[in-house]
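Peer 1: Residue numbers (the numbering used here), protein chains in the order written: chain G, 89 to 528; chain E, -13 to 133.
By construction, the Cβ of each residue, glycine as well, lies at the ideal position given by its N, Cα and C atoms.
Let me give you the structure first, and then I'll get to my questions.
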Amino acid sequence: GLFVWRLRNTGVQQIPCQFVHLYHIANNRLITFQYFNFLKRMYVTQYNKDLSQRAKPKSDSIMSPFHELQQLDQEKKVVHKISPVSPVHQLGSETSSRNELREMKSAAETEDSVIPVGAESKEDRQWKEMKLRLDDLPGILARLSKIKLTALVVSTASAGFAMAPVPFELTCFLLASLGTGLASCAANSINQFFEVPFDSNMNRTKNRPLVRGQISPLLAVCFAASCGIPGIALLTLGVNPLTGALGAFNIFLYTCCYTPLKRMSIANTWVGAVVGAIPPVMGWTAATGSLDAGALLLGGILYSWQFPHFNALSWGLREDYSRGGYCMMSVTHPGLCRRVALRHCLALIGLSTVAPVLDITTWTFPIISLPINLYISYLGFRFYRDADRSSSRKLFFCSLWHLPMLLLVMFTCKKSVLEKEDKGDLPGRSRERAMEIRLP
Amino acid sequence: PPAHSHSDWIGPPDKHSNLRPVIFYVPPDESALERRLREARQEAQASNQRFWARHNRAFRQEKEEFIYSRLKAKGLEMRDESGQKATLNAEEMADFYKDFLSKNFKKHLQYNRDWYKHNFRITFLMGQVALVRALRWLRRRKKNVEQ
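Structure (structure tokens):
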């Protein structure tokens, strides 16, 4: 079975290029548009909620890798408090399950709450029975697994899959996405399991299921195991062992390296960025079965993206991080925080230019992506120079739309497989393979 | 929580520690294993509560002192004309945050170790209790079927 998968994965097929291309573009656009709109809605609701709910006292898998989105409070003369918003940061890491973990985590955080102000504060003050109700369970598990962040992680994995220079195979794609999603759920659950007292003390995360006692830690661990084990098994057996290994490694990196490291050293940010970078690499290896330069480039782009995203986000959370005991650059090395963010914005420009060199995209990609890359670099520079809340917010919100747009442009500039064949790079294949490319 | 209830109850977050207190239900037929679990949870709860209440109190206090000293250095009063409490902006507070984090670093490392130990032990005991309960339930069903 595995062998067959390998063959199919590496086979080149004549495909009705236009049709697939169009379908892909539509799909990607739809996904991007949907989740972007979804994010916007989350922000708006969160923002409104924050405005009315002044009283305020925020997953890492990496990026968590998915970082979390944070809603910022209105500026006040008092020390600013940031309302809990799902950090997009989380989105980054867990995207492919783990990748966008940090980034996604940020986004995932928002999953926690869009409750009418009055109801929540009243509900909060009551004593609750610690009994698990089955009809609440799906919602609880969704929050436990940071489902929104997981969704973003899976979409970065799909981006990796889509960018791979092989004909699109639907079953492989679905299996890879499902496996990645399950692995991401597992990693996120373990992360929450480890961080209960810290989450209770931070505004962004105090409504998580384990903090509120809606689920027992045992159940959280069992859920994580029941997602992670099938997820990795699915990736290893249904896709290929390389993707499975990457998935398992990412779970490990997120839960056993990033999560404890958050409280020990600022190196956690770099580890988290790797967590965020792995999902697209997984998507690529799922499609091609091998780790080539293209996979590493895509991973590199996501890795670099994590820094402006998370550093800008963490700028407004300094009080919570300081009190909670989290070692973040924004608290301990603010200058470094801003320098690194700027450095990686510029790195994105460089990486975009390398893409056509590696034959992943045409030369139109660095040209078309230059405006958005320059814009985020400009905001990165403003953040570096001004070092205040407004510049950090601008940079953060820019990073939210910058990544999907960059991936979209990258996909539309993808070097067609047909072109490569004409150049004689790839060996020709039989025509009947082309039939399999028909998408439903 | 009501007296007739058979489950644990969790309350609103504590004012000082931000942790939610749990009142544990003691069943009349509690086994030794279940008692160990409950005691482990109570101990962890107490230890967490102590740590965070003290830590947060220290944070608030040191923050006030910092604001006071900075305001004094600037020549301002704690409250301005309208009676509003004067505050520093985020950039000025950043020095305090950095300082506070580094001062408490060792304390946090120790607490992390303790917390992870508590967490694993409690979860493991929960697993054991769940397993015993499941086996008991299976045995009872088998007995019912046989009868």
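Here's a check: name, in chain order, each residue in its chain whose Cβ is nearer than 8 angstroms to the Cβ of Val309/G, leaving out the five neighbours to either side.
Peer 2: So the list reads Ser277, Ile278 and Phe281, once near-sequence residues are dropped.
Peer 1: Would you kindly check if the distance between the Cβ of Asn338/G and the Cβ of Tyr346/G is under 8 angstroms?
Peer 2: No; because the gap between Cβ atoms is not below 8 angstroms, this pair is not in contact.
Peer 1: Does the ligand COA have a heavy atom nearer than 7 angstroms to the CB of Ser504/G?
Peer 2: No copy of the ligand COA appears in this structure; indeed no ligand is present at all.
Peer 1: Could one say the Cβ of Gly387/G lies closer than 8 angstroms to chain E's Cβ atoms, at least one of them?
Peer 2: No, Gly387/G does not count as interfacial toward chain E.
Peer 1: Here's the rule I'm using: 16 or more other beta-carbon atoms within 10 Å means buried, otherwise exposed. How should Thr529/G be labelled?
Peer 2: Here chain G has residues from 89 to 528 only, and residue 529/G is not among them.
Peer 1: For Glu197/G, does the three-state DSSP call read helix, strand or coil?
Peer 2: Reliability fails at Glu197/G, whose pLDDT of 43 lies under 50, so the model's placement of it is uncertain and the value that follows must be treated cautiously. The answer is helix: DSSP assigns Glu197/G an H, G or I state.
Peer 1: Measure the alpha-carbon distance for Gly269/G versus Gly364/G and round it to whole angstroms.
Peer 2: Answer to the nearest angstrom: the Cα atoms are 14 angstroms apart.
Peer 1: Under a three-way DSSP split, which group does Val299/G fall into?
Peer 2: Reduced to three states, the DSSP call for Val299/G is coil.
Peer 1: Less than 8 angstroms between the C-beta atoms of Leu439/G and Ile366/G, yes or no?
Peer 2: No; because the gap between Cβ atoms is not below 8 angstroms, this pair is not in contact.
Peer 1: Could you tell me which uninterrupted alpha helix (DSSP H) segments, each at least 4 residues in length, are contained entirely in the stretch 206 to 261 of chain G, listed from first to last along the chain?
Peer 2: Counting only runs of 4 or more, we get 225 to 232 and 235 to 251.
Peer 1: Between the beta-carbon of Leu263/G and the beta-carbon of Leu334/G, is there less than 8 angstroms?
Peer 2: The answer is no: Cβ separation not under 8 angstroms.
Peer 1: The alpha helix (DSSP H) with Phe398/G in it runs from where to where?
Peer 2: From DSSP, the alpha helix (DSSP H) with Phe398/G extends over Ala381 to Trp403.
Peer 1: Starting from Ser378/G, trace the alpha helix (DSSP H) in both directions and tell me its first and last residue.
Peer 2: First-last for Ser378/G: undefined, no H or E at that position.
Peer 1: Contact between the stretch 14 to 22 of chain E and the stretch 76 to 85 of chain E is defined here as three or more beta-carbon pairs at a separation below 8 angstroms; is this criterion met?
Peer 2: No: fewer than three Cβ pairs fall under 8 angstroms.
Peer 1: Kindly identify the DSSP beta-bridge partner or partners of Val8/E.
Peer 2: BP columns for Val8/E point to Ile(-4)/E.
Peer 1: In angstroms with no decimal places, state the Cα-to-Cα distance between Phe110/E and Ser304/G.
Peer 2: Rounded to the nearest angstrom, the two C-alpha atoms are 12 angstroms apart.
Peer 1: By how many angstroms is the C-alpha of Leu384/G removed from the C-alpha of Ala475/G?
Peer 2: Distance between the alpha carbons of Ala475/G and Leu384/G is about 32 angstroms.
Peer 1: Taking the alpha-carbon positions, what's the Gly377/G to Thr331/G distance?
Peer 2: For Gly377/G and Thr331/G, the distance between alpha carbons rounds to 8 angstroms.
Peer 1: Nearest CA to the CA of Phe261/G: which residue from Met370/G, Ala381/G, Leu240/G and Arg231/G?
Peer 2: It is Met370/G.
Peer 1: Give me the Cα-Cα distance between Leu232/G and Cys273/G, rounded to the nearest whole angstrom.
Peer 2: Looking at the two C-alpha atoms, the distance is approximately 8 angstroms.
Peer 1: On the CB-based measure, 16 or more other CB atoms within 10 Å of its CB, does Gly267/G come out buried or exposed?
Peer 2: Buried: at least 16 other Cβ atoms inside 10 Å.
Peer 1: Which of the residues in the stretch 331 to 364 of chain G, read from start to end, lie with their CB under 9 angstroms from any CB of chain E?
Peer 2: For the stretch 331 to 364 of chain G, which is checked against every Cβ of chain E, the residues closer than 9 angstroms are Pro348, Arg351 and Met352.
Peer 1: Can you tell me which of the three DSSP states Thr449/G falls into?
Peer 2: Strand, per DSSP.
Peer 1: So is Leu95/E buried or exposed if we call it buried at 16+ other beta carbons inside 10 Å?
Peer 2: It is exposed - the Cβ of Leu95/E has fewer than 16 other Cβ atoms within 10 Å.
Peer 1: Please identify, using Cβ separations under 9 angstroms, the residues of the stretch 471 to 484 of chain G that lie next to chain E, in order along the chain.
Peer 2: Against chain E - using a Cβ distance shorter than 9 angstroms - the residues of the stretch 471 to 484 of chain G are Ala475, Asp476 and Arg477.
Peer 1: Starting from the beta carbon of Thr420/G, find every residue of chain E whose beta carbon is closer than 8 angstroms, and list them in chain order.
Peer 2: Those within 8 angstroms of Thr420/G in chain E are Lys84, Leu87 and Ser88.
Peer 1: Measuring only the C-alpha atoms, how far is Glu407/G from Tyr472/G?
Peer 2: Going from the Cα of Glu407/G to the Cα of Tyr472/G covers about 20 angstroms.
Peer 1: From which residue to which residue does the alpha helix (DSSP H) around Asp15/E run?
Peer 2: Taken as a continuous stretch (DSSP letters only), Asp15/E belongs to no alpha helix (DSSP H), as it is neither H nor E.
Peer 1: Report the neighbours of Trp123/E on chain G: residues whose CB is nearer than 7 angstroms to its CB, in chain order.
Peer 2: Near Trp123/E there are no residues of chain G at all, since even the closest Cβ is about 17 angstroms away, more than 7 angstroms.
Peer 1: Less than 8 angstroms between the beta carbons of Arg27/E and Ile108/E, yes or no?
Peer 2: Cβ atoms of Arg27/E and Ile108/E: closer than 8 angstroms.
Peer 1: Using beta carbons (cut-off 8 angstroms, strictly below), is Leu298/G in contact with chain E?
Peer 2: It does not: the Cβ of Leu298/G has no partner Cβ on chain E nearer than 8 angstroms.
Peer 1: What is the DSSP secondary structure of Lys103/E, counted as helix, strand or coil?
Peer 2: Three-state DSSP puts Lys103/E in a helix.
Peer 1: Exposed or buried, what is Arg99/E when buried is set at 16 or more other beta-carbons lying within 10 Å of its beta-carbon?
Peer 2: That one is exposed.
Peer 1: I need the boundaries of the alpha helix (DSSP H) containing Ile320/G, first residue and last residue.
Peer 2: Residues Pro305 to Ala321.
Peer 1: Since Ala312/G contacts Phe499/G with CB under 8 angstroms, what's their CB separation in whole angstroms?
Peer 2: Rounded, the Cβ-Cβ distance is 32 angstroms, inconsistent with contact.
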